[in-house]
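In the working numbering, the protein residues as written are 31 to 428. Just so you know, even glycine gets a beta-carbon here, dropped at the ideal spot from N, CA and C. To keep things clear, I will list the structure first and then write my remarks on it.
In structure tokens form, the structure reads like this:
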């Protein structure tokens, strides 16, 4: 059964969703599945915008054939060569041998690395400012390097105002029932997955994402068609606003985030006591996570959301507890900025995690590490009440 949807004049979405894959890029859990989006423009000349992942190959090809309705495929625009969007290129070329590929110079190099024997008769290497006329539509190509691969181009259709945005404005989560964001309660169903997608996939490249947003601001965009997640045709400013915050490393809220590691529960108990005091002093609930039980991608997503982050870490082999160290290293790798951190440590005989954690956090740009810390000896007790109060007072001080 074909599954295609009109998203603009002469333009249809032909992608599909996958619920069977447990991890995206074999790293990030996707309990809500993932969609692989692809689009066809049906003008005097036909255009396929990107292909799809092998996991939806049968559905993708069936949708493409139905969309073309017996017409030949004239052009394939390859915006992004990551395999979840390019795995079907060789199959498309075999099925439509006269198709002309449009892609950046670097994308063409990568295509030949993935498909060294691809039988392409013709290809056109495009750069920013180049156009492709298809009849009534004119496609404009805009470079988007490192959002989040170096070869990426996005495509703007000046007839419909559609921005084919590659991995920008994407989100984890299968898309079912309707491809349009406004047909869903996006904030409830998709926002967390959208933030987690951005933070973990694109987050390191905030300046590059910001540069793309500036280019997009000069376009009359009526619809955003990303390669993952729902299509945007209403309230575009709301979602673009989220991207402006995320790409500038601006906290989405001033909420408090408490992340702890624990061996036997004592550090967890102290972290929960801290969160309770934050709520008592501010009237606001802190989000609390166990770094051992929560996949790091969710912690990173919460870092992008929250402005103030409290870390509770036990000393382990005279170092940082491994799960907490993974979290710290991921924040460094993803270029986290503009946050305030508070550090608490636990140690029975020689607490060392606090100093080491602070050294890791010092690698982050434009971040504040509160001088007030908290050291626990084995377990938080009544005699520590004053220290905990002072620690929380420093955290909640405006």
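Hey, residue 303 and residue 418 are a contact pair by Cβ (cut 8 angstroms); roughly how many whole angstroms apart?
As a first step, residue 303 is located in the chain shown; it is residue number 273 there, counting from the start. As a first step, residue 418 is located in the chain shown; it is residue number 388 there, counting from the start. The Cβ separation is near 6 angstroms, so the contact holds.
Just reading off the beta strand (DSSP E) that residue 46 is part of, what are its end residues?
Walking along the chain shown from the start, residue 46 turns up at place 16. Here the beta strand (DSSP E) through residue 46 covers 46-48.
Using alpha carbons as the reference points, say which of 172, 214, 293 lies closest to residue 239.
Translated into the one-based positions of the chain shown, residue 239 becomes position 209. Cα-wise, what sits closest to residue 239 is 172.
Hey, out of 423, 45, 372, whose CA is closest to residue 398's CA?
Position 368 of the chain shown, counted from the start, is the residue given in the question as residue 398. Answer by Cα proximity: 372.
Out of 396, 293, 361, 205, which one is the CA nearest neighbour of residue 351?
Numbered from its first residue, the chain shown carries residue 351 at position 321. Checked all of 396, 293, 361, 205; the closest Cα to residue 351 is 293.
Count the other CB atoms, across all protein chains shown, that sit within 10 Å of the CB of residue 256; report buried if there are 16 or more and exposed otherwise.
Residue 256 sits at position 226 when you count from the first residue of the chain shown. Buried, because 16 or more other Cβ atoms sit within 10 Å of the Cβ of residue 256.
List the residues that DSSP assigns as beta-bridge partners of residue 103.
The sequence position of residue 103 within the chain shown is 73, counting from 1. None; residue 103 has no bridge partner.
Can you name, in chain order, every residue of its own chain whose Cβ lies under 7 angstroms from the Cβ of residue 158, other than the five neighbours on each side?
Looking up residue 158 in the chain shown gives position 128. Only 171, 172, 173 meet the Cβ criterion.
For the beta strand (DSSP E) that contains residue 183, what are its first and last residues?
Locating residue 183 in the chain shown gives position 153, counting from the first residue. Unbroken beta strand (DSSP E) run through residue 183: 183-187.
Applying the criterion that 16 or more other CB atoms from any shown protein chain within 10 Å of the CB defines a buried residue, is residue 203 buried or exposed?
Start at 1 with the first residue of the chain shown, and residue 203 comes out as number 173. By the neighbour-count rule (16 or more Cβ atoms within 10 Å), residue 203 is buried.
Taking 8 angstroms as the threshold, find out whether the region 217-227 comes into contact with the region 324-333 through three or more Cβ pairs.
Verdict: yes, contact present.
Suppose the cutoff is 7 angstroms on Cβ atoms and the five residues either side in sequence are ignored; what does the same chain contact list for residue 31 look like?
Position 1 of the chain shown holds residue 31. For residue 31, the predicted model reports a pLDDT of 47, less than 50, meaning its position is unreliable and no value from the coordinates is stated.
Return the first residue and the last residue of the alpha helix (DSSP H) that residue 376 is part of.
Taking the chain shown and counting its residues from 1, one reaches residue 376 at position 346. Unbroken run through residue 376 is the beta strand (DSSP E), 370-376; no alpha helix (DSSP H).
Whose C-beta lies closer than 7 angstroms to the C-beta of residue 51 among residues of the same chain, with five residues either side of it excluded?
What you label residue 51 is simply residue 21 of the chain shown in a count that begins at 1. Excluding sequence neighbours, residue 51 sits near 60, 64, 85.
To which residues of the same chain is residue 401 closer than 8 angstroms at the C-beta, ignoring the five residues directly before and after it?
Along the chain shown, one-based indexing puts residue 401 at 371. Hits under 8 angstroms: 424.
Using 8 angstroms as the Cβ pair cut-off and three pairs as the minimum, do the region 280-293 and the region 187-203 touch?
As far as the Cβ criterion goes, the region 280-293 does not touch the region 187-203, which means the pair count is below three.
Below 8 angstroms on the Cβ atoms is my contact criterion, and I expect residue 156 with residue 186 to pass it. Report the Cβ-Cβ distance as a whole number of Å.
Stepping through the chain shown from its first residue, residue 156 is reached at position 126. Stepping through the chain shown from its first residue, residue 186 is reached at position 156. Contact doesn't hold; Cβ gap of about 13 angstroms is too wide.
Are the CB atoms of residue 118 and residue 181 nearer to each other than 8 angstroms?
Position 88 of the chain shown, counting from 1, holds the residue named residue 118. Position 151 of the chain shown, counting from 1, holds the residue named residue 181. It is not a contact, given that the beta carbons lie outside the stated cut-off.
Helix, strand or coil for residue 310? Go by DSSP, reduced to three states.
For the purposes of this step, residue 310 is taken as residue 280 along the chain shown, with counting starting at 1. Helix, per DSSP.
Please name the residue in 74, 249, 286 whose C-alpha comes closest to that of residue 103.
Counting from one through the chain shown, the residue named residue 103 turns up at place 73. Residue 74 is the option with its Cα nearest to residue 103.
On the premise that residue 122 lies in contact with residue 78, defined as a C-beta separation below 8 angstroms, what is that separation, rounded to the nearest angstrom?
The sequence position of residue 78 within the chain shown is 48, counting from 1. The sequence position of residue 122 within the chain shown is 92, counting from 1. Contact holds; Cβ gap of about 7 angstroms.
Tell me, to the nearest whole angstrom, how far the beta carbon of residue 38 is from that of residue 253; I am working on the premise that it is less than 8 angstroms.
Position 8 of the chain shown, counted from the start, is the residue given in the question as residue 38. Position 223 of the chain shown, counted from the start, is the residue given in the question as residue 253. With a Cβ gap of about 5 angstroms, residue 38 and residue 253 count as contacting.
Spatial neighbours of residue 374 within its chain, please: C-beta separation below 6 angstroms, excluding the five flanking residues on both sides.
Along the chain shown, read from residue 1 onward, the residue named residue 374 stands at position 344. Once the five neighbours on either side are set aside, the close Cβ partners of residue 374 are 342, 404.
Please go through the same chain and pick out, in chain order, the residues whose beta-carbon is closer than 6 angstroms to the beta-carbon of residue 199, but skip the five residues on each side of it.
Stepping through the chain shown from its first residue, residue 199 is reached at position 169. These residues qualify, in order along the chain: 254, 256.
Just to confirm my understanding: we take residue 345, look at its own chain, exclude 5 residues before and 5 after, and list those with CB closer than 6 angstroms. What are they?
Taking the first residue of the chain shown as 1, we reach residue 345 at position 315. Answer for residue 345: 377, 381, 382, 383, listed in chain order.
Out of 112, 191, 105, 152, which has the shortest C-alpha to C-alpha gap to residue 163?
Locating residue 163 in the chain shown gives position 133, counting from the first residue. Closest by alpha carbon: 105.
Would you mind reading off the limits of the alpha helix (DSSP H) that contains residue 115?
In the chain shown, the residue the question calls residue 115 occupies position 85. Start and end: 113-116.
Quick one: what's got a C-beta closer than 8 angstroms to residue 175's C-beta in the same chain, skipping five residues either side?
Working through the chain shown from its first residue, we reach residue 175 at position 145. Closer than 8 angstroms at Cβ, skipping near neighbours: 181, 182, 238.
Only counting runs of 4 or more residues, tell me where the alpha helix (DSSP H) segments fall wholly within the region 289-360, in order along the chain.
Qualifying alpha helix (DSSP H) stretches, in chain order: 296-312, 326-335.
By DSSP, does residue 85 sit in helix, in strand, or in coil?
Residue 85 sits at position 55 when you count from the first residue of the chain shown. In this structure, residue 85 counts as helix in the three-state DSSP scheme.
Given residue 319, which residues of its chain have a CB within under 8 angstroms of its CB, disregarding the five upstream and five downstream residues?
In the chain shown, counting from the first residue as 1, residue 319 sits at position 289. Hits under 8 angstroms: 287, 288, 289, 290, 328, 329, 332.
Return the Cβ separation of residue 111 and residue 87 in integer angstroms, given the expectation that the two are a contact with Cβ distance under 8 angstroms.
In the chain shown, counting from the first residue as 1, residue 111 sits at position 81. In the chain shown, counting from the first residue as 1, residue 87 sits at position 57. Actually they are not in contact, since the Cβ atoms of residue 111 and residue 87 sit about 17 angstroms apart, beyond 8 angstroms.
To the nearest angstrom, how far is it from the Cα of residue 369 to the Cα of residue 386?
The residue labelled residue 369 in the question sits at position 339 within the chain shown. The residue labelled residue 386 in the question sits at position 356 within the chain shown. Each residue's Cα considered, the two are about 18 angstroms apart.
Report yes if the CB atom of residue 356 is closer than 8 angstroms to the CB atom of residue 326, and no otherwise.
As a first step, residue 356 is located in the chain shown; it is residue number 326 there, counting from the start. As a first step, residue 326 is located in the chain shown; it is residue number 296 there, counting from the start. Going by C-beta atoms, residue 356 is nearer than 8 angstroms to residue 326.
Expressed to the nearest angstrom, what Euclidean distance is found between the alpha-carbon atoms of residue 251 and residue 242?
Counting from 1 along the chain shown, the entry for residue 251 is found at position 221. Counting from 1 along the chain shown, the entry for residue 242 is found at position 212. Distance between the alpha carbons of residue 251 and residue 242 is about 13 angstroms.
Pull up the distance between the alpha-carbon of residue 231 and that of residue 212, whole angstroms please.
Sequence index remark: in the chain shown, residue 231 carries index 201 (1-based). Sequence index remark: in the chain shown, residue 212 carries index 182 (1-based). Between residue 231 and residue 212, the C-alpha separation is close to 24 angstroms.
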